[in-house]
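Data block below; observations after.
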Amino acid sequence: MDLFRRIRRKPTLELEDIQATVLRARPEPYFGTHAILEITDPAAGKELLRRLAPRVTSAARWDEPQPSWMALAVTYQGLVALGVPESSLSSFPANFRAGMAARAERLRDTGPNAPEHWEFPFGTARVHVAVTVFAENEADWQSEVAAYERELREVPGVNLLSHQDFGADGFNVFGYRDGFSQPVVEGSGAEPLPGDGRPIKAGEFVLGYPSETGSPLATPAPDVLGRNGTYVVFRKYHSHVDAFNRYLHDNGRTKAERELLAAKLVGRWRSGAPLALAPDRDDAALGADPKRINDFDYADDPRGLHTPLGSHIRRMNPRDTKLEVLTDVNIRRIIRRSTSYGEPLPADALTDDGRPRGLDFIALGARAIDNVEFLQSEWVNSGNFVGLGKEKDPMISLQDKKGAYFTVPGSPPRRIQNIQSFNTLLGGEYFFMPGLSAIDWLSR
């Protein structure tokens, strides 16, 4: 599927100052790397920003031929390490300043997902800068990685703490096509596709513009630092594909039954075809058609007979579902730039091979931190908002050790017991993704 959305409308945002990954989808397939950096000397950190700034891609340049793309984000501790003045530091929201580990209770990151179990460097004060590079082919990707690594070697005082390669053809490690359902940002120039809904006010995703409430959200000071920036939530998961396969195997007698259950858990078939449009069997042509894949709602399925109320996609974007707990769905939307890492495990494999594989959940938006905290506590780890009580998201929640289940509505409904946690959190952090002018300001 071509994930590049054709730019037809005249943009009204300052695209030349907004990092490309905020508004533009990645190519498919792609090769990429996430790097986590620590700044031990403010002057060195500023020097590295000066060197990397020309490589950071703006949304205005996205359609220009280029071998690779780069994005850059910084944590609160990174801003401190760069010597940003207190008057600016205090203007950032409290949850960003606290960091993800300190927000574990709100995020429901408990038990095996708790910060004390995270892999290094997550949960420490040493995560300062995140750099992501990606390209459409392996040669260009390796060339760009070599270039930024050379810059690192030439700037003592900045340390590489973590380096993770990723790449995908649009399918995650569970075998589902992913990453194609995104909000359209008003003023970005993107032409909505069928089912995208109306463009959402730019201020919900980029700081400095009117939001859905009519006014811009609070912007960090000074204006050059905050304007055209956004927030990023990064959460790294290890995926227990073997446990997922066993759950399907234990609750489906035939391959067809197992694949239908897999679709019920997510709300889509593995091809990406939504149950709302293909309730009985997969439709690969539908799953590959960007003009049809999101063109649906739930008006004719209030009970969830086609798409279960507790399925992953219906939780993350209820669309027109009648909610038990009222909220404005449009201010809960996030832009997802998640990536997969590791080799997939075969669909018939019932035991783990011990290799790392999983998902880097990446959410962007002016309310990204607030929204992910809300989603985790209210929509992922609870079912009250759709009348499901304690039932949790079947794919990304931390399930209770006893009594966890998933409900497939019907006459009678089928309650499938003993659902396990299919993903374990390995760590994460809150970042600020500055505009290009802000990167220049931070480097001075």
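Numbering (the numbering used here), first residue to last: -13 to 430.
From the three backbone atoms N, C-alpha and C, an ideal C-beta is built for every residue, glycine too.
The beta strand (DSSP E) enclosing residue i, as first and last residue numbers
i	result
Ser148	Val144 to Ala154
Val170	Neither: Val170 is in no beta strand (DSSP E) and is coded neither H nor E.
Lys445	Nothing can be reported for residue 445, as the shown portion of the chain is limited to -13 through 430.
Glu177	Unbroken run through Glu177: none, as it is neither H nor E.
Ser423	Segment Leu422 to Leu428 is the alpha helix (DSSP H) holding Ser423; no beta strand (DSSP E) there.
Asn357	Element bounds for Asn357: not the beta strand (DSSP E) but the alpha helix (DSSP H), Ala354 to Phe360.
Glu24	Tyr16 to Ile25
Beta carbon of residue i nearer than 7 Å to that of residue j
i	j	result
Val141	Thr19	no
Ala188	Val170	no
Ser383	Arg92	no
Met419	Thr199	no
Ala111	Gln63	yes
Val394	Pro294	yes
Val218	Phe371	no
Leu203	Ala352	yes
Arg94	Asn81	no
Gly161	Asp27	no
Asn280	Ser167	yes
Asp228	Thr337	yes
Endpoints, alpha helix (DSSP H) assigned at residue i
i	result
Ser201	Ser201 -> no alpha helix (DSSP H), and no H or E assigned at all.
Asp346	That residue, Asp346, is in no alpha helix (DSSP H); its beta strand (DSSP E) goes Gly344 to Gly351.
Lys222	No alpha helix (DSSP H) holds Lys222; the beta strand (DSSP E) holding it covers Thr216 to Ser225.
Thr7	Ala6 to Leu9
Arg301	His298 to Met302
Gln63	Tyr62 to Ala67
Residues near residue i by beta carbon distance below 6 Å, same chain, minus five either side
i	result
Glu2	Ser44 and Ala46
Asn145	Glu24
Pro260	Arg254 and Phe282
His224	Gly344, Thr410 and Leu412
Ser433	Given a span of -13 to 430 for the chain in the structure shown, any question on residue 433 remains unanswerable.
Val117	Ala21 and Leu58
Asp339	none
Neighbourhood of residue i by C-beta distance below 7 Å, restricted to the same chain and skipping five residues each side
i	result
Tyr233	Ile405 and Gln406
Gly328	Val159, Arg341, Pro342, Arg343 and Gly344
Glu243	none
Leu251	Ser297, His298, Pro380, Met381 and Phe392
Arg289	Pro395
Member of the options whose CA lies at the smallest distance from the CA of residue i
i	options	result
Gly373	Leu211, Leu309, Ala87 and Tyr16	Leu309
Arg323	Leu331, Ala349 and Pro276	Ala349
Gly396	Arg244, Asp209, Pro71 and Asp287	Asp287
Ile4	Ala229, Arg37, Val192 and Pro53	Val192
Pro15	Ser326, Arg400 and Asp27	Ser326
Asn231	Leu246, Val210 and Ser54	Leu246
Trp181	His103, Tyr284 and Val115	Checking the sequence shown, residue 181 turns out to be Gly, not Trp. Taking only the C-alpha atoms, the option nearest Gly181 is Tyr284.
For residue j and residue i, believed in contact at Cβ under 8 Å, the rounded distance
i	j	result
Ser77	Pro196	Ser77 to Pro196, Cβ: 20 Å. No contact.
Ala87	Pro101	4 Å
Phe184	Gly273	Here residue 184 turns out to be Arg, not Phe, going by the sequence shown. Not confirmed; about 24 Å, so no contact.
Glu359	Phe220	Between Phe220 and Glu359 the Cβ distance is about 14 Å, and since that is not below 8 Å, they are no contact.
Same chain only: Cβ atoms within 8 Å of residue i, ignoring 5 sequence neighbours per side
i	result
Val131	Thr19 and Val119
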